[in-house]
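Protein chains: 2
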Amino acid sequence: MTEMARVFVPGHVTGFFTVDRRSEPTRTGSRGAGIALSEGVTITVRPAEESAVFLDGERTLMDAVHRVLDALDVQAHVRAVTDLPLGAGFGVSGATALGAALAVNRVFDRRLSVRELTTIAHGAEVQAGTGLGDVVAQARGGVPIRLEPGGPQHNVLDGVSAAGRVEYLTLGERSTAEVIEGDTETLTTAGERALSSLVAEPTVEQFMRASRQFSREASLLTEGVRATIMDVTDAGGDAAMAMLGETVFALGSGLTDAGYDATVTTVDSAGARLVA
Amino acid sequence: MTEMARVFVPGHVTGFFTVDRRSEPTRTGSRGAGIALSEGVTITVRPAEESAVFLDGERTLMDAVHRVLDALDVQAHVRAVTDLPLGAGFGVSGATALGAALAVNRVFDRRLSVRELTTIAHGAEVQAGTGLGDVVAQARGGVPIRLEPGGPQHNVLDGVSAAGRVEYLTLGERSTAEVIEGDTETLTTAGERALSSLVAEPTVEQFMRASRQFSREASLLTEGVRATIMDVTDAGGDAAMAMLGETVFALGSGLTDAGYDATVTTVDSAGARLVA
Chain G
1 MTEMARVFVP GHVTGFFTVD RRSEPTRTGS RGAGIALSEG VTITVRPAEE
51 SAVFLDGERT LMDAVHRVLD ALDVQAHVRA VTDLPLGAGF GVSGATALGA
101 ALAVNRVFDR RLSVRELTTI AHGAEVQAGT GLGDVVAQAR GGVPIRLEPG
151 GPQHNVLDGV SAAGRVEYLT LGERSTAEVI EGDTETLTTA GERALSSLVA
201 EPTVEQFMRA SRQFSREASL LTEGVRATIM DVTDAGGDAA MAMLGETVFA
251 LGSGLTDAGY DATVTTVDSA GARLVA
Chain C
277 MTEMARVFVP GHVTGFFTVD RRSEPTRTGS RGAGIALSEG VTITVRPAEE
327 SAVFLDGERT LMDAVHRVLD ALDVQAHVRA VTDLPLGAGF GVSGATALGA
377 ALAVNRVFDR RLSVRELTTI AHGAEVQAGT GLGDVVAQAR GGVPIRLEPG
427 GPQHNVLDGV SAAGRVEYLT LGERSTAEVI EGDTETLTTA GERALSSLVA
477 EPTVEQFMRA SRQFSREASL LTEGVRATIM DVTDAGGDAA MAMLGETVFA
527 LGSGLTDAGY DATVTTVDSA GARLVA
């Protein structure tokens, strides 16, 4: 057992998605696509008498993280630090669950593979009801296309070959659980249409178009987000809504060019990784 | 069409492998495991009247790269720059083929996904006879475990969760084609044994042990490499032989601690990526 381990997990904005519920959590998940971001979550794990999770220094309850600790049968302190907005569609809960799994494996010498650890974090996130596709996307990095749902034993991932600057702006919070536990038929139909169009033309431009269309068809687009996307378009840029949050993301300097005070980040090509 | 695109592809040292020949190049490949390195190859592609490949400024013939250009139906200049030793087991040909595929996709707006581009590069490398598993490992990054052979449509990848310093020292060259086109039955049996042991315990320490055992069982260990590995072991370190080259790689500062003037690099967690 080592004293501590640290893991970085990229944030992940989802552009469009489906909800695919199966009887097992590791088969449950979503298809869709998103962008992994260099702005992410740094997770530090240390052995402890009693498990506790801290987010930016404050003790918090993160069901998915506690489930990871239980699955790996350890007592530990998990400290997550991030500059990402919470509840705004950046996959902070998924990142913390995945980071905890990778760090616990190191600290407690659990000898599990990347797929096994990702499976545990994905299953925990699904059971907690806080996400369906962020974990597997965050494990991969880049611009993941989730062709088939579920954990690594069941899903099929591809990616858009892309790099470069991404900007985002958060207008407010939104509960993921509220949406994915409601009626998701319309949403899934829209997600499937978006996915088909991206598979036919896997470019970032098509990803942004498909994401915009999805947010309209799935009736998730809010007035504030819609207006901001329009402003970016009018300034010659390319923006879409992050699922699920009141967040707009844009390629390049799209939001800045439209006069917004946006956060600047880049595509993170590496995915979740131990920090040496 | 843009003017140019640049891609970085990590080097890749293979610790052990099998040879799995099938009728199709995209099903042909190898199982095994290795380490992707932050020391790699930077590939720049520009449109040209007539295709040509340059390695560190010198015009060269790289069959796998020309096959990639043909498959993507373009005329281009491909310039690869690397500090890695050539013909020494670092997968420079695979890196250049994969980098060319990703860069051509960008320059000529080919609109192919990461899996499609990796498939093209893997098939080209197999047909050129210069490698069987480097391309898919270099596309993934980290410490890839190749559970099933072939391109991305057919293979199954996992990984050891690991980070940190890696050192290497090259004693001489060796032809990959000579080994993989010979009798590979003994080698494949040894590779399967090594793979089973790593799957049972996916740690870097077990990867190094399995790699050392493989190099002996497959009769690929040379006297110079053997002596260097022993020196590292005597100094309390952990080293193995890179397949296929007269190269020793070590975890942490293993070679330096044993008094060798080794090159220092790290595990590259990202895999092949466009340089923005």
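Protein chains in written order, with my numbering: chain G, 1 to 276; chain C, 277 to 552. Each residue gets a CB set at the ideal place from its N, CA and C atoms; glycine is no exception. Quantities reported herein were computed from a predicted structural model and do not represent experimental measurements.
Assess, as a yes-or-no matter, whether the stretch 108–128 of chain G is touched by the stretch 149–159 of chain G under the definition of 3 or more beta carbon pairs within less than 8 angstroms.
-> yes
Contact check, residue 44 of chain G vs residue 22 of chain G under 8 angstroms by CB: the rounded distance?
-> With 8 angstroms as the limit, residue 44 of chain G and residue 22 of chain G do not qualify as a contact, their Cβ atoms being about 33 angstroms apart.
Beta strand (DSSP E) runs contained entirely in the stretch 279–343 of chain C, provided each spans 3 or more residues | Taking 3 residues as the minimum length, the beta strand (DSSP E) runs contained wholly in the stretch 279–343 of chain C are 281–293, 308–323, 328–331, 334–336, in order along the chain.
Pull up the distance between the alpha-carbon of residue 420 of chain C and that of residue 479 of chain C, whole angstroms please.
-> 11 angstroms
With DSSP as the reference, label residue 1 of chain G as helix, strand or coil.
-> coil
State the CB to CB distance for the pair residue 543 of chain C and residue 412 of chain C, rounded to an integer number of angstroms; the pair is presumed to be in contact (CB under 8 angstroms).
-> Wrong, their Cβ atoms sit about 17 angstroms apart, outside the cutoff.
Which residues bound the alpha helix (DSSP H) around residue 441 of chain C?
-> Unbroken run through residue 441 of chain C is the beta strand (DSSP E), 441–448; no alpha helix (DSSP H).
So, does the CB of residue 478 of chain C fall closer than 8 angstroms to a CB anywhere in chain G?
-> yes
Would you report the Cα separation of residue 159 of chain G and residue 450 of chain C, rounded to the nearest angstrom?
-> 35 angstroms
Are residue 410 of chain C and residue 367 of chain C close, meaning C-beta to C-beta below 8 angstroms?
-> yes
Once you ignore the five residues that flank residue 164 of chain G on each side, which residues in its own chain have a CB closer than 8 angstroms to its CB?
-> Around residue 164 of chain G: 251, 252, 266, 267.
Beta-carbon separation of residue 511 of chain C and residue 533 of chain C under 8 angstroms?
-> In contact: residue 511 of chain C and residue 533 of chain C (Cβ atoms closer than 8 angstroms).
Could you pull out every residue in the same chain whose Cβ sits closer than 8 angstroms to the Cβ of residue 88 of chain G, ignoring the five residues on either side in sequence?
-> 170, 172, 173, 174, 242, 245, 246, 247
Spatially closest choice to residue 48 of chain G from G:108, G:191, G:196, by CA coordinates | G:108
Quick one: measure Cβ to Cβ for residue 11 of chain G and residue 214 of chain G, integer angstroms, because I've assumed they're closer than 8 angstroms.
-> That belief does not hold up - the Cβ atoms of residue 11 of chain G and residue 214 of chain G are roughly 19 angstroms apart, past 8 angstroms.
How would you list, in chain order, the residues of chain G whose beta-carbon sits under 9 angstroms from the beta-carbon of residue 473 of chain C?
-> Result: empty, since nearest Cβ-Cβ is about 12 angstroms, beyond 9 angstroms.
Express the C-alpha separation of residue 513 of chain C and residue 197 of chain G in angstroms, rounding to a whole number.
-> 52 angstroms
Can you find at least 3 beta carbon pairs, one from the stretch 460–471 of chain C and one from the stretch 332–341 of chain C, that sit closer than 8 angstroms?
-> Flag = no, the stretch 460–471 of chain C and the stretch 332–341 of chain C do not touch.
List the residues that DSSP assigns as beta-bridge partners of residue 352 of chain C.
-> C:323
Consult DSSP for residue 384 of chain C and reduce its assignment to one of helix, strand or coil.
-> coil
Please decide whether residue 335 of chain C counts as near chain G, where near means a Cβ-Cβ distance under 8 angstroms.
-> Residue 335 of chain C does not count as touching chain G.
Which of the residues in the stretch 159–175 of chain G, read from start to end, lie with their CB under 8 angstroms from any CB of chain C?
-> Correct list: 159, 160, 161, 162, 163, 164, 165.
Range covered by the alpha helix (DSSP H) that runs through residue 198 of chain G | For residue 198 of chain G, the enclosing alpha helix (DSSP H) begins and ends at 185–200.
Is there at least one non-hydrogen atom of the ligand ZN closer than 7 angstroms to the beta-carbon of residue 31 of chain G?
-> The model on display carries no ligand, and the ligand ZN is accordingly not part of it.
Any idea what DSSP makes of residue 525 of chain C, helix, strand or coil?
-> Three-state DSSP puts residue 525 of chain C in a strand.
Provide the residue(s) that pair with residue 156 of chain G in DSSP beta bridges, ordered along the chain.
-> G:148
Does the beta carbon of residue 539 of chain C sit closer than 8 angstroms to a beta carbon anywhere in chain G?
-> no
Verify whether the separation of the beta carbon atoms of residue 289 of chain C and residue 483 of chain C is less than 8 angstroms.
-> no
Which of the residues in the stretch 378–400 of chain C, read from start to end, lie with their CB under 9 angstroms from any CB of chain G?
-> 378, 381, 382, 385, 387, 388, 389, 390, 391, 392, 393
Would you mind stating whether residue 375 of chain C and residue 548 of chain C have Cβ atoms separated by less than 8 angstroms?
-> yes
Closer than 9 angstroms by beta-carbon distance: list the chain G residues that pair up with residue 313 of chain C, in chain order.
-> For residue 313 of chain C, none of the residues of chain G pass the 9 angstroms Cβ criterion, the least Cβ distance being about 14 angstroms.
Quick one: is residue 129 of chain G near chain C, going by C-beta distance under 8 angstroms?
-> no
Got a sec: is the Cβ-Cβ distance from residue 141 of chain G to anything in chain C below 8 angstroms?
-> yes
Inter-residue Cα distance where the pair is residue 269 of chain G and residue 50 of chain G | 35 angstroms
Enumerate in chain order the residues of its own chain whose CB-to-CB distance from residue 103 of chain G is below 6 angstroms, with the five nearest sequence positions on each side excluded.
-> 5, 7, 43, 45
Short CB-CB distance (under 8 angstroms) between residue 550 of chain C and chain G = yes
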